[in-house]
Amino acid sequence: QDETVTFGIVTAQTGPLAAPGKFQMNGFELAVEQINGAGGFQVGDTTYKLALQVYDTRCNAAEGASAMQRLVTVDQVPVVLGELCSPVAAAEGPIAQDFGVPLITTVPTAASLTEQDNPYYFRINANSNQLNAALAQYIQSIDGAPLSFIAWNNDAGRGGANGIQKLLGDNYEIGYVGFFNVGEVDFANHITNIRNAGSKSVMLLMDEEPGALAIRQIRDAGLEVQLVGTLAMGSNRFLDRLNAEYLGGMVQYSAFPPNAPIERIKTFSDAYKAKYGEESHGFAAQSYDGIFAAVEAMKAAGTTTDPEAIRDALSEISFDGVIGPIKFDETGQASPPVYITEWCDDGTRKIIAPADLAAECGAG
Amino acid sequence: MTRSFSNLAALACLVLGALAPLIFGGQPYVLYVLTLALCYTIPAIGVNILYGYTGLVSLGHMGFAGVGAYTTALLMKDVGVPFVPALLGGALAAGVLGVLVGIPCLRLRSHFFIVVTLAVGMILFTLFNNLDALTGGAEGLPGIPRPAPFSIGPIDFEFRSLTGFYMLTFVVTALIFALQFVLVRSDFGRSLSSVRQDEALASARGVNVFGHKLMAFALSTAIAGAGGAMKVLFLRAAAPMSFDMHESINLMMMLILGGAGYLVGPVVGAITFIAVPEFLRIAAEMRFIFFGFVLLVLARFAPRGICGLAESAYKKLGRREKTVVGYS
Amino acid sequence: MSMLKVRGLKGGYGGRLIVDGIDLDVAAGEIVTVIGQNGAGKSTMLKSIFNMVPVRGGAVALDGADIMSVSPYRMLTVGLAYIPQHHSVFPKLTIAENLRMGGYLLDDKALLHERTAMVEEMFPILKARRAEYAASLSGGEQRMLEIARTLIMDPKVVMLDEPSIGLAPKMVDLVFSTARRLAEAGKGILMVEQNVKKALMASDRGYVLELGQVRIQDEARALIADERVSRLYMGVRG
Amino acid sequence: MSAILEVSGIVKTFGGIRAIDGANFTLDHAGIYGLIGPNGAGKTTMFDIICGRQIPDAGSVRFHAERIDGVAPYRLAREGLARTFQECRVLPEETCLDNVLFAAQDKHIGTELLQAFTRNTRRRREAEAEARRMLKLINLEQYADSPAGALSYGQRRLLEIVSCLMSKPRILLLDEPASGINPTLLNTLHDFLKEIYAETKIIFLIVEHNMEFIMSLAQEIVVMHQGQVLMQGAPDAVQANERVIDAYLG
Amino acid sequence: MTTAIFEQFINGTMMGSIYVLMALGMVLIYGVMHVLNFAHGVLFMVGGYLAHLFFFNLTGSYPLAILGAMVSLALIGVLLERAVFRALRDNLRMQIVASLGLIMIIQNGVVQIWGPHALQMRPPPVEALVRIGQLSFTVQHFVIIGVVAVSVAALYLFLTRTRLGTAMRATSQHPEAAVVVGIDPNRVYTLTFMIASALAGLGGALLGPLFLIFPQMGDAPMLKALSAIIIGGMGSVPGAIVGGLGIGIVESLSTLVVPTDYRDTIVFGVLILMLLIRPWGIFGVRVRGEH
Ligand SMILES: Nc1ncnc2c1ncn2[C@@H]1O[C@H](COP(=O)(O)OP(=O)(O)OP(=O)(O)O)[C@@H](O)[C@H]1O
Ligand SMILES: Nc1ncnc2c1ncn2[C@@H]1O[C@H](COP(=O)(O)OP(=O)(O)OP(=O)(O)O)[C@@H](O)[C@H]1O
Ligand SMILES: CC(C)C[C@H](N)C(=O)O
Ligand SMILES: [Mg+2]
Ligand SMILES: [Mg+2]
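So the sequences go chain by chain: B, S, C, P and Y.
Numbered according to our numbering, the first sequence spans residues 3 to 366.
Numbered according to our numbering, the second sequence spans residues 62 to 389.
Numbered according to our numbering, the third sequence spans residues 217 to 454.
Numbered according to our numbering, the fourth sequence spans residues 104 to 353.
Numbered according to our numbering, the fifth sequence spans residues 6 to 296.
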């Protein structure tokens, strides 16, 4: 007779971030399905099935905190995963600490989240410092100055644009920096400014939906610039929104190139595609790995109910997730690789960084 | 509004509020939701003074709450100011901004004033979001400390635990509620009320309409500032999204739903508005659809808010016929 | 023959009966005035006849046909017109547009033109200022416009609620003489007035309303002569 | 001694309309004054200007030799200038008693706030007794605790007048107090105003279309026509004046 | 710089046209019924989704899709007026509550039906480009400006030249008098909601393809339209037109000189300034009795 362990999930099911929330949930659900499909997981002598208790946070700090509170006190889950928005994670972290329940976030990027001396806070995805470092390094390797930005006026966009500028240093010529609110879709004014600034390259720090629109508007306006995008822009879904001629030559960072010739990525991508009928997504992969991190920690701790022990185990674990090797440092931050991929003219992608994982068209 | 009803309701809220930790001691989640509701009750009281009594609509009040919130948070986090002066500082900052906005804008006709408050709210949100160096920008401001513990004689007070912080929020709310009580029952309150009912008449009777509006606006923004401060101290993180236009509109809704112009309207409204969606969490993606229907039903059947509904029930119960209104 | 026939009319707002069983008749060609203390229910009575109060009962017939269940906005089609106590012109429509709205229910364009022409002839000022906003008219002229507007539908009975309120003495005379002209044209006129003496002098018959019920009804001349009526309702000291 | 109220050369236009076109008149001594004139003559606008609700385009208003045109209404009210409105205004949600009490209260924000924290129940009770006495004078005492919005039209007018009196004005402007009021009740009002005048000798300026009422009440009448003052004089003289008859009385 | 100004002027006019459509609907509803319909933005959004549905699943023709969206929205408008707003006619407070309730229901309902991801549709006018010098615009830009201009003209003629339109204005000015002359106010209210909703639907069907169709697509236009009707003088149709266009153009041009993350600050700052200078709105007239 099997026991069931319930993980708490905080995510956006409604509101403006419901779309990325969906990817996150897909990752969680795929992991649960696979684990349960394989008969569950073994801790000590007992086999456990996995269940999720999901609460909506709408990217609202108060809602996130309420959901967190409810998970740790009413549902009494041993571990909580998820979240999309950094400020919400910032409100959830202290509750995790108060009640001694580990919180593993899988999407928020604000670097400050793992700088709060909160031993119960873990982050599986790369934070903005890590992402920015990889991007800055790439940008310095090409002849892209002056560089312009179009970025979401939220945690991810502002964090990226400001961070990369800082890393590039004062000597690097920046053309124009434009922010837009989530939900805005008219980039005409940014494009005008980019043209005026004579930019050679443009960084797009946003999700796939505005991203596709921005690229189309940039190309329709006849701007010949090197485009640099985010992980949301290296997918077939993205290609569907545009067509190959718009994308050729564009590069983007990626936490997870779905077609990389790496076994674990292939397996994940295939499973994802089989279940959801579309190409997998970085948020899904990060979230998928989050579940496995929690499960691994439970196995190592030998308990599914003692959050304290699970936390200790989490800080020690080390395993290969689909996004890369998972190991948390003393602040609770993992260091998955950050990839740079480039669109080929035929609508496939190649991996150009990190150098040791580089691969040809069709691999990104 | 009958006084006996209002007084009774106020008393009931006070007693229930004070006893909540005993009643819900074993249910931290309930206590949590109550604390959050109190954090919204405070700015809702501010809006009640402004809208319920003076008749001015503000769609940017959470912006002022945000000013109080960030001021208090930064004072405590970066400067190390203790709780009480920091809270007062937050309220003061919001109130001063209220005066600065009010002086040019309160002379505008009422619906223009609405859009000005909307605009000010948007502008404040933009500042919270964009002034990365000061407010932490869009990534939010994590790590806001809770008030330091202290002891009076043998009794220790601490605010890290849920119960401790609940009691603190309760005391702050009760004080502000008392302020509301004293103000609206005074000559000042009567003057505000006259401004709402008929500005021309009020000024013909000697009410400095602008002055009274300004005073009401300043008080109300200062109170909102205190509420915002309590909210971020409770969440221990500040985020621009916590003070955006949607939150401002929600605040207005809370009051209307609870009953604008009733002493306990803000309390009832905030609790309803916070608790119902929490209760609906079980409905997952459908919860705001359900909540929307709840709002439609309330709008239809509680035209003067929940307090209005309760008041008519109370009157029916009492059946105390007052002077018969009619012809001679 | 009675043109407007009201029997046992009751009306009020949310549970309170203000009008409590009124019988009243208006014949073609006569002016009937209703008087009473403030708050006696006179306005409410007119609104009840016009089906504009939430609670009502009794019977109302116009020219023999039962109109109890006719919606207020259909009343004009059956021939009953009503001019409320407060000004009711459309302030930011031109005078011509106001008249056009008076004929809102008229689909026959030719007839509309004919009636508009007739009304404009009756009130020359309306023709002279037809392109101006109604708000630019003086109080008395607005009353004229209100009356003119209802005439486009050629009603059988016109009800006026305190037509003289706020009008200069000259204007009051004008309004009452207009009422007389309408009566002479065969319409029944039902007025409510606080300008009691002048109104009764311009009327054929009168009713005294008290607490929502008819107390006295008589020839207008007889009412003026009645010592009690003059003391209680006309302010004659004695 | 200077005049109590002196209106000189007032001009007020709205868009193209010259509502007041150089009106002059003076109220020299205490008394009950009438202000009459055809619809649209500018009477209400004149009231609005005297009370500070409208600012004249030209001209001046002096009250005891002090210029008051353009001064905010609430300041004038505190100086003892009270008025009623043509469309009759009361606070509909307050009880009649509160309406009267409200008129009497000191409305300086500072005083009000001080009062909020230091309630003086004795003074409040005194004011209440006075208010009830006033309500009784106009037969409204049984409505003291009903909301003013539930009163009939005439009663509301009476309440408005009493409220004004309660604020102990030095001059009271009444805009058509008799309109829509039953003649019998009007007699009560007539006597009441006379009584108050005899008692307090405050100045009344009354706009009225009811000739019987105003002619028997007022000692002096000002006639306005097309924004100007046509004449000023005793009631008899006014009623006999041909131009007045022509423009107004008919 | 002049080309940039020209480019932004065209963009601003295009967005302004959309605001005008929204503002006209809101001003009609406000003017006639005194309802501030915050739910107008979600009707706009539904217009986008329905256009998508009609385009891909039913007709395959963009003009027909627009028409379909407008007609469906007109019906939805009728339904909303009858089922929700009619009972709240004199209760401004509860109208606000109800419209927020509607926003929650419709916005989340759309996510339930179509999912949270933004939809895209690319009818021919969005694909085709017009080149002016070194600038290029989609044909849709001009389609939007043109369609809005025609709709505004049609609406204006309807309001001033027809019996029903005059009745609408009459009812807005004096509802009681409207009844007295024989206008059925319920019919006018239903008609008003119908027209306003259809205009919102038209807006969504026009803008959706140019950009994206997603649950929050109506939020910003609603807010801008609200501001437009307020600066236009609340209840004035010409005011709504000038206000909407003005906001669109100011917002676009402002981005040439200030950082875009302060764009709303500029727009709303200009708004506040304007109100301080002309406290009665652009077209509002000061009327006695208002304060
Ligand atoms: N809309 C309403 N709701 C509730 N009560 C009302 C309403 N309108 C009038 N009343 C009440 O009904 C009674 C009669 O009012 P009505 O207006 O019919 O009086 P009236 O005879 O026309 O008086 P007046 O001469 O002052 O116009 C009054 O006591 C009034 O308070
Ligand atoms: N705010 C305003 N806007 C436009 N016109 C106005 C305004 N106020 C008054 N008027 C106009 O000014 C003129 C004088 O109006 P006022 O109300 O003073 O007349 P009145 O003598 O009080 O008339 P009544 O006896 O009918 O009350 C009228 O033509 C009126 O239409
Ligand atoms: C797409 C968004 C959910 C990104 C998220 N705000 C982050 O912090 O990375
Ligand atoms: Mg009446
Ligand atoms: Mg007047």
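All residues carry an ideal CB built from backbone N, CA and C; glycine is no exception.
On a predicted model such as this, the values are computed, not experimentally measured, just so you know.
- The nearest non-hydrogen atom of ligand 1 is less than 7 Å from the C-beta of isoleucine 234 of chain C.
- Here DSSP, grouped into helix, strand and coil, assigns alanine 331 of chain S to helix.
- For glutamate 265 of chain B, the number of other beta carbons within 10 angstroms of its own is below 16, and it is reported as exposed.
- Counting along the chain, the unbroken beta strand (DSSP E) around glutamate 435 of chain C starts and ends at 429–435.
- Counting C-beta atoms within 10 angstroms of its own C-beta, histidine 45 of chain Y has 16 or more neighbours from the protein chains shown and is therefore classed as buried.
- With the criterion set as a beta carbon lying under 8 Å from some beta carbon of chain Y, the members of the region 228–256 of chain B are Arg243, in sequence order.
- For isoleucine 144 of chain B, the CB contacts under 8 Å within the same chain, skipping 5 residues up- and downstream, are Ser203 and Gln228 in chain order.
- Relative to ligand 5, even the nearest heavy atom lies 7 Å or more away from the CB of lysine 115 of chain P.
- Rounded to the nearest angstrom, the gap between the Cα atoms of alanine 415 of chain C and isoleucine 265 of chain C is 21 Å.
- Within its own chain, the residues whose Cβ lies closer than 6 Å to the Cβ of valine 174 of chain P, once the five positions on either side in sequence are excluded, are Gly155, listed in chain order.
- Per the coordinates, the alpha-carbon of leucine 138 of chain P lies some 21 Å from the alpha-carbon of arginine 170 of chain P.
- Listed by position along chain C, the residues whose Cβ is nearer than 9 Å to that of glutamate 181 of chain Y are Met268, Pro300, His302 and Ser304.
- When only Cα atoms are considered, glycine 274 of chain Y and serine 232 of chain Y end up about 12 Å apart.
- Serine 354 of chain C is positioned such that its CB atom lies no closer than 8 Å to that of asparagine 127 of chain P.
- Taking 7 Å as the cut-off, the C-beta of glutamate 378 of chain C counts as close to a heavy atom of ligand 4.
- When CB distances to chain C are screened at a threshold of 8 Å, the residues of the region 256–290 of chain P falling below it are Tyr256, Gly257, Gln258, Glu279, Ser282, Gly283, Ile284, Asn285, Pro286, Thr287, Leu288, Leu289 and Asn290, in chain order.
- By the beta-carbon neighbour count (other beta carbons within 10 angstroms, threshold 16), isoleucine 328 of chain B is buried.
- By the criterion of at least three beta-carbon pairs nearer than 8 Å, the region 369–376 of chain S is not in contact with the region 235–248 of chain C.
- For proline 340 of chain C, the enclosing alpha helix (DSSP H) has its first and last residue at 340–344.
- In the DSSP assignment, histidine 328 of chain P is bridged to P:Gln331.
- Assigned with DSSP and collapsed to three states, asparagine 113 of chain Y falls in helix.
- Excluding five sequence positions before and after alanine 234 of chain P, the CB atoms of its chain that fall closer than 6 Å to its own CB belong to Leu200, Val203 and Leu204, given in chain order.
- Around the beta carbon of isoleucine 135 of chain P, 16 or more other beta carbons lie within 10 angstroms, which makes this residue buried.
- Proximity of isoleucine 188 of chain Y to chain C, defined by a Cβ-Cβ separation below 8 Å, is satisfied.
- Put simply, the CB of valine 102 of chain Y is near chain S, with a gap under 8 Å to one of its CB atoms.
- Serine 66 of chain Y counts as exposed, since fewer than 16 other beta carbons sit within 10 angstroms of its beta carbon.
- Glutamine 44 of chain B counts as exposed, since fewer than 16 other C-beta atoms from the protein chains shown sit within 10 angstroms of its C-beta.
- Interface flag for glycine 318 of chain C against chain Y is set, since a Cβ pair is found closer than 8 Å.
- Per DSSP, reduced to three states, the secondary structure at arginine 421 of chain C is strand.
- Chain S places no beta carbon closer than 8 Å to that of glycine 244 of chain Y, leaving this residue out of the contacts.
- By the neighbour-count criterion, in which 16 or more other beta carbons inside 10 Å mark a residue as buried, glutamine 145 of chain Y falls on the buried side.
- Between leucine 244 of chain B and isoleucine 217 of chain B, the C-beta spacing is below 8 Å.
- For the C-beta of arginine 361 of chain S, the chain Y residues within less than 9 Å are, from N- to C-terminus, Val89, Ala92, Leu93, Met99 and Ala103.
- Just measuring C-alpha positions, the residue of Y:Gly209, Y:Leu55 and Y:Ala183 sitting nearest methionine 222 of chain Y is Y:Gly209.
- Between the C-alpha atoms of leucine 359 of chain S and leucine 318 of chain S there is a straight-line separation of about 8 Å.
- At least one CB atom of chain S sits nearer than 8 Å to the CB of phenylalanine 273 of chain Y.
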